[in-house]
Ligand SMILES: [Zn+2]
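Residue numbers (the numbering used here): 21 to 158.
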């Protein structure tokens, strides 16, 4: 059986799709995604297909992808982790929001749920990230 575990790179895609509101009726094309990531559209198509196989996105040829319910839930979780980590970094170091954002990029997928909740609690259950965006409850 093929592993359904998600890779760091795939998680990055899900985060972008979430930030672009690519769910319900909005699709993101491979061209747009390729521009965002500064890579070839063919590479993006491969990744879209992998994510579709794993059930995280709906992929429609020539239209692109949007998050499935499973993908949306997972992306929200990643966003929650990303924003909680940003709050942590800003609180302990005083760096600005963008610096914190870059520092925590890629860590979302590594952070388990228990540690996330522990951090959230010890940070006083922040509602917003340092950019002012809402931290979603999952
Ligand atoms: Zn950020």
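From the three backbone atoms N, C-alpha and C, an ideal C-beta is built for every residue, glycine too. Values in this document were obtained by computation on a predicted structure and should not be read as measured data.
First through last residue of the beta strand (DSSP E) which encompasses residue 79: Start and end: 77-80.
Reference residue 26; option with closest CA among 79, 37 and 91: Selected option, being the one with the closest Cα: 91.
Separation of residue 100 from residue 47, as counted between CA atoms: A straight-line Cα-Cα distance of about 22 Å links residue 47 and residue 100.
Sequence-distant residues of the same chain with beta carbon closer than 8 Å to residue 75, five excluded per side: Cβ neighbours of residue 75 beyond the five flanking positions: 24, 88, 90 and 91.
Closest by C-alpha distance to residue 52, when choosing among 70, 113, 82 and 78: In terms of CA proximity to residue 52, 82 leads the group 70, 113, 82 and 78.
Test item: CB-CB of residue 98 and residue 31 under 9 Å: The answer is yes: Cβ separation under 9 Å.
Start-to-end residues for the alpha helix (DSSP H) that takes in residue 91: Annotation: the continuous alpha helix (DSSP H) that includes residue 91 extends over 89-113.
C-beta contact flag for residue 128 and residue 117 at 9 Å: Contact flag unset, no.
Run of the alpha helix (DSSP H) containing residue 136, from where it starts to where it stops: Taken as a continuous stretch (DSSP letters only), the alpha helix (DSSP H) holding residue 136 covers 133-142.
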